[in-house]
Amino acid sequence: MFHDQHSPMNIRRGDAIFLKAFAIWVSFIPIAILNGLIRERILVPMIGHRFALPLSGISCASLFFLLTYLALPWLGTLKVVQYRMIGLGWFVMTVLFGFLFGRLVAHKSWGELFQAYNILTGNLWLLVMAVIAVSPSIAARSRGLIE
Numbered sequence: 010m011f012h013d014q015h016s017p018m019n020i021r022r023g024d025a026i027f028l029k030a031f032a033i034w035v036s037f038i039p040i041a042i043l044n045g046l047i048r049e050r051i052l053v054p055m056i057g058h059r060f061a062l063p064l065s066g067i068s069c070a071s072l073f074f075l076l077t078y079l080a081l082p083w084l085g086t087l088k089v090v091q092y093r094m095i096g097l098g099w100f101v102m103t104v105l106f107g108f109l110f111g112r113l114v115a116h117k118s119w120g121e122l123f124q125a126y127n128i129l130t131g132n133l134w135l136l137v138m139a140v141i142a143v144s145p146s147i148a149a150r151s152r153g154l155i156e
């Protein structure tokens with residue numbers, strides 16, 4: 010049976026894709042927390058903050074890409090633009106989560122929050138954000154999941 014783009018079948022599939030993509034993004038949160046705990050409790054005492062911070066950024070970006078690569082088949086075969094939109098959505102949700110959590114829960118100043126985006130301090134959070142944005146389309150292409 011043929012379904013046009015506005016049929017209930019496509020809307021339900023779109024909702025399922027959104028919910029699955031959101032679930033994958035939510036799984037980034039415990040990975041980021043664990044990565045930060047390992048940095049602060051193990052790496053900083055062993056190698057100092059100067060080296061632990063960039064190493065933590067690289068490991069976090071790598072773990073996020075690996076999770077994306079492993080989880081993407083769950084979404085199925087999609088158009089490249091859909092994977093790009095998923096990456097953009099993850100990027101926006103990560104920025105919003107970081108600032109909302111930082112301000113409302115951790116009670117950090119805006120200056121402290123923006124420091125995470127300063128690569129001159131050794132913080133590679135911008136790399137992590139770039140990986141979050143592009144990993145769905147790169148992983149999908151490498152796994153043959155592009156329509």
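To convert, count from 1 in the sequence shown and add 9; that's this note's numbering. Glycine included, C-beta positions come from ideal geometry on N, C-alpha and C.
Return the CA-CA distance between Pro39 and Phe100, expressed in angstroms with no decimal places.
16 angstroms
Consult DSSP for Leu87 and reduce its assignment to one of helix, strand or coil.
Correct three-state label for Leu87: strand.
Once the 5 residues before and after Ala61 are set aside, which same chain residues still bring their CB inside 6 angstroms of it?
Arg48, Leu52 and Val53
With distances taken Cα to Cα, identify the nearest neighbour of Gly131 among Gly153, His58 and Ala32.
His58
Pick from Pro82, Gly66, Ser36 and Val35: whose alpha carbon is nearest that of Tyr126?
Gly66
Mind checking Met55: buried by the 16 CB within 10 Å criterion, or exposed?
exposed
Determine the direct distance from the alpha carbon of Phe108 to that of Lys29, and round the result to whole angstroms.
24 angstroms
Inspect the CB distances between the region 85 to 96 and the region 104 to 121 and report whether three or more fall short of 8 angstroms.
Output reads no: the region 104 to 121 does not touch the region 85 to 96.
Which first and last residues belong to the alpha helix (DSSP H) in which Tyr78 is found?
His58 to Ala80
For Ile155, which beta-bridge partners are listed by DSSP?
Leu87
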